[in-house]
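Protein chains in written order, with the UniProt record's numbering: chain S, 1 to 533; chain R, 1 to 542. Every residue gets a Cβ at the ideal spot worked out from N, C-alpha and C, and that includes glycine. Inspection log for the structure reproduced underneath, given as structure tokens.
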């Protein structure tokens, strides 16, 4: 009965008179009435609820129970030990507060541990379970989803068989060399290796640029190089702008452990998927309106998955944009040497070399996984002009450094300029041959590819084959290709492409005979699609 | 005066009417209806549900205000770098001065000006700035000016790095003899993408090596192994997987100085030191753990686990079976994890038996999900340059998450193949382990005897490459400052780099870690002479 008697405000103001009804007993019941009615009522009247509310929030924050779902069911790959699995998952249903309940992992770990949901990773997993082999497993799945280059393994193999032992162990016998590989080495890479890498990079880029070894930090692959840059340039809750379609792995590399967001900036087929500054600007402003701080732009040049190059003009515009907004540019140039077109590749480093621009905001990522076809060796490079980033990244390489024997071997391989020159030329020629063959094959099926001149893949437009013009239609086609044609390709949606129907096909793991089989397999699916539509 | 009227809630108004006769003065004010227009929200507040709305509206406004503040808050200032202990020793700052100023001066520029310098993240800034503890400074000095018997006899002798060079000759010989390069490596097996979490062949070989090192008392299941590029990322990965930002681990002190980086830097996880004392030989007490746990809970910090090193680094003692059981009980009671760092398991030199956490788990039918072991080949195989670390966990979720995280820290396939060959040569490995133990024991005995002649006592240790020396008698003042003064003298006058206890978060000043496995037996007298010079001057002072 503490509630006031129902009255409409109007009637109240009419009927109200200063000497209104007087049950004084009500007084006691209303909390804080004296304070509110007394002097300073406005201040206290707002302050007290606020304070109470604040403490309530504080209470909630402290006593919040661990988030539900932080103990997800075990991922599918552990189904081999089913007996364990059932036990642990049945336990996880017990109340988490019980003192002998199951112990919980961190919520970030449980979201990472969840089974893959991106078709990119599902496809990769499927292939590793049933890989195609011409003789042993002719009905297996053909891998077109992994950008790996096997076209020049023969050259590398020959070099390794001639030089490996001497390069790792040294030519002077064991006494000297064990000291160079066994003990602790600088975690950001041996200086000799940095010098050799700088030489290799400028050789790959046609001697247009020279790289300074002291601006280089070496990591165990380009993946940690990206993550380390992300740690160094952005704090949790900040964001990077990324033109789409982009490499599916960026989502893991840039976001997983760093707490940083990626804001896709859509590029369209009508512009041949080249980024426009207007779109960047729009995305920047929208993000800022949402209260998120943009710390940089992440571009890949040559682009992955499209395979086109950023023109010099665009690079200048990007630099202007970054300067205007005071943000960083991370340029992933990991395919710089895997060119097959006639167009010229322009590195961000080249632009900086020529102009007197504020270099502090430019960071280049490179690696030996693509251009030297050695992903198993795990060598990535951060090349930065920012001293703070270099210092921090150097310290962070303690979590991702390259094994010393591998470095020793690569020093001799990469410094062997004659071999490298021959390798680069042969590699380009072979990629071009494969590209032409593959694109021609697709063309005969009526599938066109975006114009491209670099990379280990082509970006194919299969929108004519999808049943609905939507992501769903695209994934249906992907599913058919994977399960009926037994081909693993990467659907555009995994690359955040805004237009459905595009697929990335990597052709550098194939031999020329395989191309015929691949095209045959696609034809089967393409024909059924056409009939049904 | 008008204010009192304005914010009265609806219900209070009714009561006000009741009071009316008693309060005439008030009555006069309330009747002045003209004031009404000026007051915002008055209608709502005075209208029906006044008490309710009168509290909800301020709350809502306050909430949105908070939200606004949160969103528009400028880049939080980089958390003040851990006040590194060296700050107390005045002259120490000089050592690092040459490195710091440039990056520091930049940081002070206004961050908002467009077209100004591009700013790095707050966490990068704190890493750039907070980096130089005496541990780092000493390591750098020893690296820049390393002692060499003939080449640089006045250089700094390195006793600060836990690296074992006693048996490198054996490893070198094996590598030279076994010409596996070129012939047996297939290009497909090393050049192309391999599983990020390590080759299965190496996992099997490492599992075998681990049980060989632990004298066959335990069997390790290769499918529970994750390989990383060193034990450092293994610890970081576990920290990511077991705790969220703002959570904490309990770590008994003194502990390995780099835990601060490995556990905290990128993960946002905290370490709560649990002090152990010299009176207990620095052994761990459950009471202290319990106290630290409760204090953390009171502060609102969630404790997610305990990190122990066994054999301990820097003390070199082993945890006995009983302590391991009580740790497990404690962890079960509090429902937290145990990370057991057993990096030195094969580098024991005493007679005491090493008991792995895995052995206890094997014997008992306990809740295994909470136990995670860190291991590596840097210490027991003396190959830190190869960067091989191991996570051995019983928790499926942790294994699944860590497997995916190894994309950021995987080992070169070439080095993995090489190690598969080496570890599969079990005769060689058995010999290596035995000879290494024997050499380690000899060095330990000689080194400790040398210190004893200088009247420096060490805690009796059974494992590791170091001894934990009590130099409390030689510090000018019984404080961290005194300890660092002695450390500075040892480094700059005696040219011996050791690790002061404060870097290991030891609460008692005057303890130092001496690593002796980078020395040869001939170096020991040189080291002792150098230390003697300092201890003599210290004594004459006091």
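According to the neighbour-count rule (16 or more other Cβ atoms, all chains shown, within 10 Å of its Cβ), is residue i buried or exposed?
{"i": "residue 337(S)", "result": "buried"}
{"i": "residue 504(S)", "result": "buried"}
{"i": "residue 392(R)", "result": "buried"}
{"i": "residue 453(R)", "result": "exposed"}
{"i": "residue 478(R)", "result": "exposed"}
{"i": "residue 309(R)", "result": "buried"}
{"i": "residue 123(R)", "result": "buried"}
{"i": "residue 492(S)", "result": "buried"}
{"i": "residue 329(R)", "result": "exposed"}
{"i": "residue 540(S)", "result": "Residue coverage of chain S in this structure runs from 1 to 533, which leaves residue 540(S) outside it and unanswerable."}
{"i": "residue 67(S)", "result": "Its pLDDT being 40, under 50, residue 67(S) is placed unreliably in this model, and the coordinates cannot settle the point."}
Assuming residue i and residue j are in contact, meaning their beta carbons sit under 8 angstroms apart, how far apart are those beta carbons, in whole angstroms?
{"i": "residue 412(R)", "j": "residue 377(S)", "result": "5 angstroms"}
{"i": "residue 317(R)", "j": "residue 281(R)", "result": "7 angstroms"}
{"i": "residue 209(R)", "j": "residue 423(R)", "result": "5 angstroms"}
{"i": "residue 477(S)", "j": "residue 466(S)", "result": "5 angstroms"}
{"i": "residue 318(S)", "j": "residue 453(S)", "result": "Actually they do not touch by this definition, with Cβ atoms about 19 angstroms apart."}
Among the options, which residue has its Cα nearest to the Cα of residue i?
{"i": "residue 303(R)", "options": "243(R), 332(R) and 327(R)", "result": "243(R)"}
{"i": "residue 321(S)", "options": "298(S), 379(S), 268(S) and 528(S)", "result": "298(S)"}
{"i": "residue 523(S)", "options": "510(S), 500(S), 484(S) and 249(S)", "result": "484(S)"}
{"i": "residue 446(S)", "options": "156(S), 426(S), 421(S) and 519(S)", "result": "519(S)"}
{"i": "residue 438(S)", "options": "418(S), 423(S), 460(S) and 115(S)", "result": "460(S)"}
{"i": "residue 406(S)", "options": "137(R), 190(R) and 125(R)", "result": "190(R)"}
{"i": "residue 123(S)", "options": "232(S), 248(S) and 280(S)", "result": "248(S)"}
{"i": "residue 508(R)", "options": "440(R), 528(R) and 469(R)", "result": "469(R)"}
{"i": "residue 508(S)", "options": "146(S), 140(S) and 400(S)", "result": "146(S)"}
{"i": "residue 256(R)", "options": "312(R), 406(R) and 306(R)", "result": "312(R)"}
{"i": "residue 163(R)", "options": "442(R), 378(R) and 530(R)", "result": "378(R)"}
{"i": "residue 248(R)", "options": "338(R), 192(R) and 196(R)", "result": "338(R)"}
Check this for me: beta carbons of residue i and residue j, under 8 angstroms apart or not?
{"i": "residue 228(R)", "j": "residue 409(R)", "result": "yes"}
{"i": "residue 551(S)", "j": "residue 207(S)", "result": "Any answer about residue 551(S) is impossible in this case: the structure gives chain S only from 1 up to 533."}
{"i": "residue 354(S)", "j": "residue 331(S)", "result": "no"}
{"i": "residue 225(R)", "j": "residue 390(R)", "result": "yes"}
{"i": "residue 374(S)", "j": "residue 164(S)", "result": "no"}
{"i": "residue 360(S)", "j": "residue 117(R)", "result": "yes"}
{"i": "residue 450(S)", "j": "residue 269(S)", "result": "yes"}
{"i": "residue 244(S)", "j": "residue 213(S)", "result": "no"}
{"i": "residue 474(R)", "j": "residue 484(R)", "result": "no"}
{"i": "residue 188(S)", "j": "residue 218(S)", "result": "yes"}
{"i": "residue 394(R)", "j": "residue 214(R)", "result": "no"}
{"i": "residue 527(R)", "j": "residue 496(R)", "result": "yes"}
{"i": "residue 529(S)", "j": "residue 121(R)", "result": "no"}
{"i": "residue 403(S)", "j": "residue 387(R)", "result": "yes"}
{"i": "residue 328(S)", "j": "residue 296(S)", "result": "yes"}
{"i": "residue 418(S)", "j": "residue 240(R)", "result": "no"}
{"i": "residue 411(S)", "j": "residue 367(S)", "result": "no"}
{"i": "residue 253(R)", "j": "residue 462(R)", "result": "no"}
For the region 238–250 of chain R, enumerate the residues whose C-beta is nearer than 8 angstroms to any C-beta of chain S, in chain order. Taken in chain order, the members of the region 238–250 of chain R whose beta-carbon sits within less than 8 angstroms of a beta-carbon on chain S are 240, 241, 242, 243, 244, 245 and 247.
Looking at chain S, which residues of the region 273–307 of chain R have a Cβ within less than 9 angstroms of any of its Cβ atoms? Residues of the region 273–307 of chain R with a C-beta less than 9 angstroms from any C-beta of chain S: 300, 302, 304 and 305, listed in chain order.
Contacting positions in the region 325–342 of chain R - beta carbon closer than 9 angstroms to chain S: The region 325–342 of chain R vs chain S, Cβ under 9 angstroms: 331, 332, 333, 334, 335, 336 and 337.
Interfacial residues, the region 191–224 of chain S to chain R, with Cβ spacing under 8 angstroms: Taking 8 angstroms as the upper bound on Cβ-Cβ separation, chain R lies near residues 220, 221, 223 and 224 of the region 191–224 of chain S.
Give the residues from the region 136–150 of chain S that approach chain R closer than 8 angstroms (Cβ to any Cβ), ordered along the chain. If you check each beta-carbon in the region 136–150 of chain S against every beta-carbon of chain R, the ones closer than 8 angstroms belong to 146, 148 and 150.
Anything in the region 423–437 of chain R with a Cβ closer than 8 angstroms to a Cβ of chain S? List those residues in chain order, please. Here the close residues number zero.
Could you list the residues in the region 450–461 of chain R with a C-beta less than 7 angstroms from some C-beta on chain S, going in chain order? Within the region 450–461 of chain R, no residue places its CB atom closer than 7 angstroms to a CB of chain S.
If contact means a Cβ-Cβ distance below 7 angstroms, which residues of the region 374–387 of chain R contact chain S? Contacts with chain S (Cβ-Cβ distance below 7 angstroms) from the region 374–387 of chain R involve 382, 383, 384, 385, 386 and 387, listed in chain order.
Any residues in the region 282–305 of chain S with a beta carbon nearer than 9 angstroms to a beta carbon of chain R? Which ones, in chain order? The region 282–305 of chain S vs chain R, Cβ under 9 angstroms: 290, 291, 292, 293, 295 and 296.
Using a Cβ-Cβ cutoff of 8 angstroms, what residues of the region 348–370 of chain R are near chain S? List them in chain order. Of all residues in the region 348–370 of chain R, the ones placed with a Cβ closer than 8 angstroms to any Cβ belonging to chain S are 367, 369 and 370, in chain order.
Residues of the region 397–409 of chain S in Cβ contact with chain R at a cutoff of 8 angstroms, in chain order, please. Flagged, chain order: 398, 399, 400, 401, 402, 403, 404, 405, 406 and 409.
What residues in the region 373–399 of chain S bring their beta carbon closer than 9 angstroms to a beta carbon of chain R? For chain R, the residues of the region 373–399 of chain S that bring a beta carbon within less than 9 angstroms of one of its beta carbons are 373, 374, 375, 376, 377, 378, 379, 386, 387, 388, 389, 391, 392, 393, 395, 396, 398 and 399, in chain order.
Interfacial residues, the region 117–128 of chain S to chain R, with Cβ spacing under 7 angstroms: Close to chain R, meaning a Cβ-Cβ distance shorter than 7 angstroms, is no residue of the region 117–128 of chain S at all.
Which residues of the region 193–221 of chain R have a Cβ closer than 8 angstroms to any Cβ of chain S? Give them in chain order. Residues of the region 193–221 of chain R with a Cβ closer than 8 angstroms to any Cβ of chain S, in chain order: 193 and 194.
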